[in-house]
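Peer 1: As numbered in my numbering, residues 722 to 1122 make up the sequence shown, in order.
All C-beta atoms, glycine included, are put in the ideal place defined by N, C-alpha and C.
Given the structure is predicted, the values throughout are model-derived calculations rather than measurements.
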Amino acid sequence: MIKDLSSFYSKNALNMKRSEIRELLKITRQPGIISFAGGLPAPDTFPVAELQDICSKVLQEKGSTALQYGTTEGEAPLREAIAQWMNHEKAAIKADNILVTAGSQQGLDIVAKVFVDPGDIIIVELPSYIGGLQAFTAYRAKMIGVPQDNDGMRMDKLEKVLEKLARKKKRPKFIYVVPDFQNPSGVTMSLERRKKLLELAYQYGVPIVEDSPYRDLRFAGEPVPAIYALDDQEQVIALGTFSKIFCPGLRLAWIMAPATWLDKMIVAKQSMDLCCPTFNQLVAAEYINRGQLPKQIEQIRALYGRKREVMLKALKKHMPKGVKWTKPEGGLFLWVKLPKNLSANELFPKAVEEKVAYVIGSAFHCDGKGQNSMRLNFSFPTEEQIEEGVKRLAAMIGKNM
Ligand SMILES: Cc1ncc(COP(=O)(O)O)c(C=O)c1O
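See below:
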């Protein structure tokens, strides 16, 4: 056996990094720890009984198709159902614009595979979704981070970056944004910024990748149109997923893009897995066609809305002065900023000693900064755990200030 494989690895493989979150999650599974570190949906929202019924119906009526290989693009009933689902935002979307993927994580990998050569530039938010950063890193992209404030990515800063690159005759391969209740910060991009983002994307000829798993989980504030819905020049690739509004275990999501853009992505997916599980796709299509999704989303929104309230109240009650946090209008996460002299990385072992866990903010920064920040998840812990966990976290921070 060859003991050290490193000289056999491709440059891409050598560049791949383990997700810090996955590593942290191992620690946070110790007994007694209240974990705000994961990003899991609350399992009590999974529609188990309904799915039992749907699974046997699919097997009975469509067993021979459901258990067979399917097309790479995805099963027609599901592509149709997704296109219709997206039609409430933009009527022009057809099944031809949809590629079914094994989670949006595969969508990100496909996008990176199709667009990125080593050294290519991608623009991301600061902070940004760690799984996106991981996918882009695997293809050796050079990421440029653009800071965020409470209205999303700063367009003045983006404009400067694009201008500077244009002067050097460089063009980023795409701009990656998570505009709704962002993972990790919980921030939503304002309408004005969305319009400006499109304007800049048109001006500099750069595609936008809009990754929005939490879009339907709004529990406060006013809805803002999706970027793809505002796009009249077909320059947006939109990623949607059933993970947070239905069940992540089905591993079903989609890429929505102009049909001609999808071609290459379909070929890229072919060599990954040939197709997504046909059975799961037909189950999901039946679930949507029964009209269950809006009810399911309503229930999830009510639950996460309550949990978010409990977390915000607990933060207000327990956190020492100088600690700040976002107030997300939806989604699963909020973002805590500690005073500049404190490092969430250094405090992490102390939090684990106090039996509470979070994800360090620097893990979401392509530039390695953000040491004084952390991400807290409120969808998975119970309301009691949220209250108790925030109390423990606040006491630990207070002791170290
Ligand atoms: C912004 C973002 N994109 C993509 C994903 C991946 O989701 P999926 O379960 O569809 O692979 C996540 C999951 O947390 C996410 O937060």
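Reducing DSSP to helix, strand and coil, say where GLN924 ends up.
Peer 2: Three-state DSSP puts GLN924 in a helix.
Peer 1: Any heavy atom of ligand 1 within a distance shorter than 8 Å of the CB on ALA1005?
Peer 2: False, no ligand heavy atom lies under 8 Å from that Cβ.
Peer 1: Measure the C-alpha to C-alpha separation of LYS811 and ARG800 and round it to an integer number of angstroms.
Peer 2: Spanning the two alpha carbons is a distance of roughly 15 Å.
Peer 1: Mind checking which residues open and close the beta strand (DSSP E) that includes ASP984?
Peer 2: Note, ASP984: premise wrong, no beta strand (DSSP E); alpha helix (DSSP H) at 980-994.
Peer 1: Ordered along the chain, which non-local residues of its own chain (more than five positions away) have a Cβ less than 7 Å from that of PHE1069?
Peer 2: Closer than 7 Å at the Cβ level, and outside the excluded window around PHE1069, lie ILE1081.
Peer 1: Which residue or residues does DSSP assign as beta-bridge partners of TYR897?
Peer 2: According to DSSP, which records beta bridges pairwise, TYR897 is partnered with VAL930.
Peer 1: Note down the Cα distance separating SER911 from ARG875, rounded to an integer number of angstroms.
Peer 2: Straight-line Cα distance between these residues: approximately 10 Å.
Peer 1: To the nearest angstrom, how far is the alpha carbon of ASN1001 from that of LEU971?
Peer 2: Distance between the alpha carbons of ASN1001 and LEU971: 6 Å.
Peer 1: What are the residues that DSSP puts in a beta bridge with ASP870?
Peer 2: DSSP, once it has assigned bridges, lists GLY873 as partnering ASP870.
Peer 1: Taking DSSP as the reference, what is the three-state secondary structure of ARG939?
Peer 2: ARG939 falls in the strand class under three-state DSSP.
Peer 1: Using only the heavy atoms of ligand 1, determine whether one of them is closer than 8 Å to the beta carbon of ASN904.
Peer 2: Checking every heavy atom of ligand 1 against the Cβ of ASN904, one is found closer than 8 Å.
Peer 1: With burial defined as no fewer than 16 other Cβ atoms inside 10 Å of the residue's Cβ, what is the status of SER728: buried or exposed?
Peer 2: With fewer than 16 Cβ atoms within 10 Å of its Cβ, SER728 is classed as exposed.
Peer 1: Checking the sheet assignment: what are the DSSP bridge partners for MET722?
Peer 2: BP columns for MET722 are empty, so no partner.
Peer 1: When you compare the stretch 934-948 with the stretch 766-779, are there three or more beta-carbon pairs, one atom per stretch, that lie closer than 8 Å?
Peer 2: No, the stretch 934-948 is not in contact with the stretch 766-779.
Peer 1: CB of ASP984 to nearest heavy atom of ligand 1: below 8 Å?
Peer 2: No, ligand 1 has no heavy atom inside 8 Å of this Cβ.
Peer 1: Three or more C-beta pairs closer than 8 Å, one from the stretch 815-833 and one from the stretch 1032-1040: is that the case here?
Peer 2: With a cut-off of 8 Å, the stretch 1032-1040 and the stretch 815-833 do not count as touching, because too few Cβ pairs lie within range.
Peer 1: Using a threshold of 9 Å, state whether the C-beta atoms of CYS997 and THR766 are closer than that.
Peer 2: Going by C-beta atoms, CYS997 is not nearer than 9 Å to THR766.
Peer 1: Which one of TYR1079, TYR897, GLN1017 has the shortest CA to CA distance from PRO764?
Peer 2: Nearest of TYR1079, TYR897, GLN1017 to PRO764, Cα basis: GLN1017.
Peer 1: Under 8 Å: does the beta carbon of TYR1079 sit that close to some heavy atom of ligand 1?
Peer 2: No, Cβ of TYR1079 sits at least 8 Å from all heavy atoms of ligand 1.
Peer 1: Using the beta-carbon count (16 or more within 10 Å), is LEU1123 buried or exposed?
Peer 2: Nothing can be reported for residue 1123, as the shown portion of the chain is limited to 722 through 1122.
Peer 1: Taking 6 Å as the limit, tell me which residues put their C-beta closer than that to any heavy atom of ligand 1, in chain order.
Peer 2: Result: GLY760, GLY824, SER825, GLN826, TYR850, GLY852, VAL899, ASN904, ASP932, PRO934, THR962, SER964, PRO969, ALA974.
Peer 1: Helix or strand or just coil, what does DSSP make of MET977?
Peer 2: Three-state result, MET977: strand.
Peer 1: Taking buried to mean at least 16 other C-beta atoms within 10 Å of its own C-beta, is TYR949 buried or exposed?
Peer 2: So TYR949 counts as buried.
Peer 1: From what residue to what residue does the alpha helix (DSSP H) around ALA959 run?
Peer 2: Taken as a continuous stretch (DSSP letters only), ALA959 belongs to no alpha helix (DSSP H), being part of the beta strand (DSSP E) at 957-962.
Peer 1: What separation, rounded to the nearest whole angstrom, lies between the Cα atoms of LEU960 and LYS1120?
Peer 2: Computed Cα separation, rounded: 42 Å.
Peer 1: In chain order, which alpha helix (DSSP H) runs of at least 4 residues are fully inside the stretch 777-832?
Peer 2: Fully enclosed alpha helix (DSSP H) runs of 4 or longer: 797-808.
Peer 1: Ignore the nearest five residues each way along the sequence and tell me which others in SER756's own chain have a CB closer than 6 Å to its CB.
Peer 2: Answer for SER756: THR749, ALA1078, listed in chain order.
Peer 1: Would you kindly report the start and end of the unbroken alpha helix (DSSP H) that includes ILE1021?
Peer 2: First-last of the alpha helix (DSSP H) with ILE1021: 1014-1039.
Peer 1: Among SER1100, HIS1086, LEU820, GLN855, which one has its Cα closest to the Cα of ALA1023?
Peer 2: ALA1023 has its Cα closest to that of SER1100, out of SER1100, HIS1086, LEU820, GLN855.
Peer 1: For the alpha helix (DSSP H) that contains ILE1009, what are its first and last residues?
Peer 2: ILE1009 -> alpha helix (DSSP H) spans 999-1010.
Peer 1: State the start and end residues of the unbroken beta strand (DSSP E) segment that holds GLU846.
Peer 2: 842-847 is the extent of the beta strand (DSSP E) around GLU846.
Peer 1: Based on Cα-Cα distance, which residue from VAL899, LYS917, LYS1076, ARG936 lies nearest to HIS809?
Peer 2: It is ARG936.
Peer 1: When DSSP builds the beta bridges, which residues end up paired with LYS1045?
Peer 2: According to DSSP, which records beta bridges pairwise, LYS1045 is partnered with LYS1058.
Peer 1: Could you tell me the alpha carbon to alpha carbon distance between TYR850 and LYS1112, rounded to whole angstroms?
Peer 2: Going from the Cα of TYR850 to the Cα of LYS1112 covers about 27 Å.
Peer 1: Let me check understanding here. Comparing Cα to Cα, which of ASP725, SER731, ALA989, ASP817 lies closest to PRO979?
Peer 2: Comparing Cα positions, the closest option is ASP817.
Peer 1: Touching or not, the stretch 859-867 and the stretch 837-849, by the rule of three or more beta carbon pairs under 8 Å?
Peer 2: Taking 8 Å as the limit for Cβ pairs, the verdict is that the stretch 837-849 does touch the stretch 859-867.
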